[in-house]
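Below is one structure; the comments refer to it alone.
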Amino acid sequence: MKMGSSNDKDAVKAQYASSKGLDTRINFHNVYSTNKMGFGPWLISNYEIEEGMKVLELGTGTGDMWKGQGGLIAKCDKLVLSDFSEGMIDTARKNVGEHANVEYKQIDVQNIPFEDNSFDIVIANMMLYHVPDIDKAVSEIRRVLKDDGVFYSATYGERNFNDIIAEWFGLIGENYDPNHLFTLQNGGDILGKEFADIEVRRYEDSLRVTNIDDLADYLQSLKALHGIGSMGRDEILKMLTLHEEDGVINLPKEYGTFIVRGIK
Numbered sequence: 001m002k003m004g005s006s007n008d009k010d011a012v013k014a015q016y017a018s019s020k021g022l023d024t025r026i027n028f029h030n031v032y033s034t035n036k037m038g039f040g041p042w043l044i045s046n047y048e049i050e051e052g053m054k055v056l057e058l059g060t061g062t063g064d065m066w067k068g069q070g071g072l073i074a075k076c077d078k079l080v081l082s083d084f085s086e087g088m089i090d091t092a093r094k095n096v097g098e099h100a101n102v103e104y105k106q107i108d109v110q111n112i113p114f115e116d117n118s119f120d121i122v123i124a125n126m127m128l129y130h131v132p133d134i135d136k137a138v139s140e141i142r143r144v145l146k147d148d149g150v151f152y153s154a155t156y157g158e159r160n161f162n163d164i165i166a167e168w169f170g171l172i173g174e175n176y177d178p179n180h181l182f183t184l185q186n187g188g189d190i191l192g193k194e195f196a197d198i199e200v201r202r203y204e205d206s207l208r209v210t211n212i213d214d215l216a217d218y219l220q221s222l223k224a225l226h227g228i229g230s231m232g233r234d235e236i237l238k239m240l241t242l243h244e245e246d247g248v249i250n251l252p253k254e255y256g257t258f259i260v261r262g263i264k
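With full-length UniProt numbering, the residue at position 133 of the sequence shown is 133, and numbering never jumps.
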């Protein structure tokens, strides 16, 4: 299963070249999500990291999830925080800081530069749907993961808030390009080619937006919503206002993680 054109790849590079746009999206969810635990802390609460383990995170982004997790980091014999974007690695290094057991590395998940059976845990959150060759990526993850290791991979579902927004704005075809290459619905089939035991855990959450200007900023940062990016600000705000109820816009969120064991 492959991501399509070079334009797709260019859009992903543009969206993740620096942390600015990602920070906008993270901050938006932090403010308006109804589940105040936060997706990052919830993901970490699922990790079974024991003393002396070797851990690889692919697509670490800003490294925000690891901030304040000194105790968990200290458990690791080695923690490799990696990303395809060099700019993200620089930001992660600033956010997480220097630790004797932490390595920052630029890595393409389709060609992981480690030996077979190197890691007890591999993590790849919210990123496999961007990979041109997902099957190759999963094969590489399986290769570097120990036979009794665990792979964690968070993603979203196919009935999420951006799908609802697209319906509101009548976005179809080139104006809306949802990335459903690796979702909570189809990810199990993809992972099942390399792994035997696949569990899905869902994170219960929604958005309760009380400032439509913030929602407009967020939507304009999403590359999938091409049609909104080309609209005028006033037009965007007018459309969003139609869906306010008592000054609030409520939107569904469908997020979760795969917890994968049992190498085939």
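Virtual Cβ for every residue (Gly too), placed ideally from N, Cα, C.
Problem set entry | Assigned secondary structure, G256 (DSSP; H/G/I helix, E/B strand, else coil) | By one-based count along the sequence shown, residue 256 stands at place 256. It is a strand residue.
For this session: With DSSP collapsed to three states, give me the class of D163.
Result: Within the sequence shown, numbered from 1, the residue matching residue 163 stands at position 163. Three-state result, D163: helix.
Exercise. Per DSSP, what kind of secondary structure is Q106 in: helix, strand or coil?
Worked result: The residue labelled residue 106 in the question sits at position 106 within the sequence shown. Three-state DSSP puts Q106 in a strand.
Problem set entry | Candidates M53, G256 and D83, of which the one nearest residue 271 by Cα | Here the chain covers residues 1 to 264 and nothing more, so residue 271 does not appear.
For this session: Tell me whether E235 sits in a helix, a strand or coil according to DSSP, three-state version.
Result: For the purposes of this step, residue 235 is taken as residue 235 along the sequence shown, with counting starting at 1. Helix.
Exercise. Is DSSP giving L251 helix, strand or coil here?
Worked result: For this step, residue 251 is matched to residue 251 along the sequence shown. Of the three classes helix, strand and coil, the one that applies to L251 here is strand, per DSSP.
Problem set entry | Alpha carbon of T155 to alpha carbon of E204, nearest angstrom | Translated into positions along the sequence shown, residue 155 becomes position 155. Translated into positions along the sequence shown, residue 204 becomes position 204. Distance between the alpha carbons of T155 and E204 is about 13 Å.
Exercise. Helix or strand or just coil, what does DSSP make of Y32?
Worked result: The sequence position of residue 32 within the sequence shown is 32, counting from 1. Looking at Y32 - three-state DSSP - the assignment turns out to be helix.
Exercise. For I112, which residues from the same chain have a beta carbon less than 6 Å from its beta carbon, with the 5 sequence-adjacent residues on both sides left out?
Worked result: Counting from one through the sequence shown, the residue named residue 112 turns up at place 112. The answer, listed in chain order, is E140 and V144.
Exercise. Considering only C-alpha positions, which residue in the set L222, K36 and Q185 is nearest to R201?
Worked result: Here residue 201 refers to the residue found at position 201 of the sequence shown. That would be Q185, whose Cα lies nearest to the Cα of R201.
For this session: Classify F169 as helix, strand or coil using the three-state DSSP reduction.
Result: What you label residue 169 is simply residue 169 of the sequence shown in a count that begins at 1. Reduced to three states, the DSSP call for F169 is coil.
For this session: Return the CA-CA distance between A124 and L240, expressed in angstroms with no decimal places.
Result: For the purposes of this step, residue 124 is identified with residue 124 of the sequence shown, where counting begins at 1. For the purposes of this step, residue 240 is identified with residue 240 of the sequence shown, where counting begins at 1. If you take the alpha carbons of A124 and L240, they lie about 33 Å apart.
Exercise. When you compare only the Cα positions, how much space is there between L43 and I259?
Worked result: Here residue 43 refers to the residue found at position 43 of the sequence shown. Here residue 259 refers to the residue found at position 259 of the sequence shown. About 10 Å.
Exercise. In the structure shown, what three-state DSSP assignment does V96 receive?
Worked result: Position 96 of the sequence shown, counting from 1, holds the residue named residue 96. Note: V96 maps to helix in three-state DSSP.
For this session: Confirm, please, whether the CB-CB distance from E194 to K264 is below 8 Å.
Result: As a position in the sequence shown, residue 264 is number 264, starting the count at 1. As a position in the sequence shown, residue 194 is number 194, starting the count at 1. Yes, the Cβ-Cβ distance between K264 and E194 is below 8 Å.
Exercise. Does DSSP classify G262 as helix, strand or coil?
Worked result: Working through the sequence shown from its first residue, we reach residue 262 at position 262. Three-state result, G262: strand.
Exercise. What alpha helix (DSSP H) runs, 4 residues minimum, are completely inside the stretch 51-94?
Worked result: 70-75
Exercise. Is the beta carbon of F119 less than 8 Å from the beta carbon of G149?
Worked result: Here residue 119 is taken as the residue at index 119 of the sequence shown, counted from 1. Here residue 149 is taken as the residue at index 149 of the sequence shown, counted from 1. Yes, Cβ-Cβ distance for F119 and G149 is below 8 Å.
Exercise. Between L81 and G61, what straight-line distance do the alpha-carbon atoms span, to the nearest angstrom?
Worked result: Working through the sequence shown from its first residue, we reach residue 81 at position 81. Working through the sequence shown from its first residue, we reach residue 61 at position 61. Rounded to whole angstroms, L81 to G61 spans 9 Å at the Cα level.
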